[in-house]
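Below you'll find the structure, written out as structure tokens, and then a few comments.
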């Protein structure tokens, strides 16, 4: 079995007679969106199609077999809707709503063509467009997302929403907030380089069996570093105040102050 594994780029010009005499492979749009499948030439020969993933074939494309032979792709006639509008506004609205649903659409001078879908047919009729079901080759516009096959109306909602959330996450940061209310002490830190001033304040209040202990601690640190001249100035101030109160059955009262 031969394999078709290469597509000649559309901008490569081949001799018209060579293309005209090449065997043909007629495919509907669904099949042309696949990159790996078994196919049958119009001559009846069976072969395999193995193309790079994401390849979407168009009417008139030329494929190359593993033996060097050429095969021309033909878009098959299939059930499609041909849409016409009485005026430019209706035509534009119809195109807008179809595009909003990521529906593959073939755009003509005054017509739109898409795969037959009764839900979309009803929507277009309500917009004021004329919808006709016909059998014709279907060659939609190449999508901005690089190909693929998307269906209209509600079937695409989950995919559209997931894509929107992914893009949002890629372009926005993450903010995390933490509140710790279970810590009974506060810390205030001010840092200025070279080491400006550091102030730490801690307040503790403990009650044990009728006795109250209050502790106040104030620490003040000033650091100055001039690294060019290698001079260092340090100023430290420490003050500790302790007050202990014991219940009526205790005859001790302590008040301590330390500088």
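Numbering (the UniProt record's numbering), first residue to last: 1 to 259. Every residue, glycine too, gets a C-beta built ideally from N, C-alpha and C.
(1) Give me the Cα-Cα distance between residue 64 and residue 31, rounded to the nearest whole angstrom.
(2) Please tell me whether residue 2 and residue 51 are closer than 8 angstroms, where the distance is taken between their beta carbons.
(3) What runs of the alpha helix (DSSP H), each 4 residues or longer, lie entirely inside the UniProt domain "UreE urease accessory N-terminal" (8-71)?
(4) If I measure Cβ to Cβ from residue 49 and keep anything under 6 angstroms in the same chain, skipping five residues before and after, which residues do I get?
(5) Please state if the CB of residue 135 and the CB of residue 78 are separated by a distance shorter than 8 angstroms.
(6) Given a cut-off of 8 angstroms, decide if residue 94 and residue 129 are closer than it, judged by their beta-carbon atoms.
(7) Exposed or buried, which one is residue 42 when buried takes at least 16 other CB atoms within 10 Å?
(8) Taking all protein chains shown into account, do 16 or more other C-beta atoms lie within 10 angstroms of the C-beta of residue 125, making it buried, or fewer, making it exposed?
(9) At a cut-off of 7 angstroms, is residue 58 close to the ligand COA when judged by its beta-carbon and the heavy atoms of the ligand?
(10) Is DSSP giving residue 92 helix, strand or coil here?
(11) Looking at the structure shown, is residue 6 part of a helix, part of a strand, or coil, going by DSSP?
(12) Please list, in chain order, all residues of the same chain as residue 84 whose beta carbon is under 6 angstroms from its beta carbon, the five residues on each side excluded.
(13) How should residue 75 be labelled, buried or exposed, when 16 other C-beta atoms within 10 angstroms of its C-beta is the threshold for buried?
(14) Roughly how far, in whole angstroms, is the beta-carbon of residue 120 from the beta-carbon of residue 90, given that I think they are within contact range, below 8 angstroms?
(15) Along the chain, where does the alpha helix (DSSP H) containing residue 121 start, and where does it finish?
(16) Output needed for residue 61: all residues of its chain with C-beta closer than 8 angstroms, excluding positions within five of it in sequence on either side, in chain order.
(17) Return the residue from the list 59, 102, 123 that minimises the CA-CA distance to residue 19.
(18) Alpha carbon to alpha carbon, how far is residue 118 from residue 132? Give it in angstroms, no decimals.
(19) Taking DSSP as the reference, what is the three-state secondary structure of residue 98?
(20) Per DSSP, which residues does residue 112 bridge with? Please list them.
(21) How is the beta strand (DSSP E) around residue 132 delimited, first residue to last?
(22) Please classify residue 92: is it buried, with 16 or more other beta-carbons within 10 angstroms of its beta-carbon, or exposed?
(23) With distances taken Cα to Cα, identify the nearest neighbour of residue 138 among 122, 33, 97.
Per the coordinate set shown:
(1) Looking up residue 64 in the chain shown gives position 64. Looking up residue 31 in the chain shown gives position 31. In this structure, the alpha-carbon of residue 64 lies about 17 angstroms from that of residue 31.
(2) Residue numbering aside, residue 2 sits at position 2 when the chain shown is read from its first letter. Residue numbering aside, residue 51 sits at position 51 when the chain shown is read from its first letter. Cβ atoms of residue 2 and residue 51: not closer than 8 angstroms.
(3) The UniProt domain "UreE urease accessory N-terminal" (8-71) contains these whole alpha helix (DSSP H) runs: 16-20, 29-32.
(4) Indexing the chain shown from 1 puts residue 49 at position 49. The answer, listed in chain order, is 4, 37, 39.
(5) For the purposes of this step, residue 78 is taken as residue 78 along the chain shown, with counting starting at 1. For the purposes of this step, residue 135 is taken as residue 135 along the chain shown, with counting starting at 1. Less than 8 angstroms separates the beta-carbon of residue 78 from that of residue 135.
(6) Position 129 of the chain shown holds residue 129. Position 94 of the chain shown holds residue 94. Contact: yes.
(7) Translated into the one-based positions of the chain shown, residue 42 becomes position 42. Under this definition residue 42 is an exposed residue.
(8) By 1-based counting over the chain shown, the position of residue 125 is 125. Taking all protein chains shown into account, residue 125 has fewer than 16 neighbouring C-beta atoms within 10 Å of its C-beta and is therefore exposed.
(9) You won't find the ligand COA in this model; it holds no ligand whatsoever.
(10) Here residue 92 is taken as the residue at index 92 of the chain shown, counted from 1. When DSSP states are grouped into helix, strand and coil, residue 92 belongs to the helix group.
(11) Residue numbering aside, residue 6 sits at position 6 when the chain shown is read from its first letter. Strand.
(12) As a working mapping, residue 84 is identified with position 84 in the chain shown. 111, 130, listed in sequence order.
(13) Residue 75 sits at position 75 when you count from the first residue of the chain shown. Under this definition residue 75 is a buried residue.
(14) Translated into the one-based positions of the chain shown, residue 120 becomes position 120. Translated into the one-based positions of the chain shown, residue 90 becomes position 90. Their Cβ separation, rounded to whole angstroms, is 15 angstroms, which puts residue 120 and residue 90 out of contact at 8 angstroms.
(15) The count along the chain shown starts at 1 and reaches residue 121 at position 121. Here the alpha helix (DSSP H) through residue 121 covers 118-126.
(16) Looking up residue 61 in the chain shown gives position 61. Cβ within range, chain order: 7, 8, 10, 72, 73.
(17) For the purposes of this step, residue 19 is taken as the residue at position 19 of the chain shown. For residue 19, the closest alpha carbon among the candidates 59, 102, 123 is that of 59.
(18) Counting from one through the chain shown, the residue named residue 132 turns up at place 132. Counting from one through the chain shown, the residue named residue 118 turns up at place 118. Using only the alpha carbons, I get a separation of about 11 angstroms.
(19) Position 98 of the chain shown holds residue 98. Residue state, collapsed to three classes: helix.
(20) In the chain shown, residue 112 corresponds to position 112, counting from 1. Answer by DSSP bridge pairing, in chain order: 83, 107.
(21) The residue you call residue 132 lines up with position 132 of the chain shown. For residue 132, the enclosing beta strand (DSSP E) has its first and last residue at 130-137.
(22) The sequence position of residue 92 within the chain shown is 92, counting from 1. Residue 92 is exposed by the Cβ-count criterion.
(23) On the chain shown, residue 138 is found 138 positions in, with the first residue counted as 1. Restricting attention to 122, 33, 97, the CA atom closest to the CA of residue 138 is found in 33.
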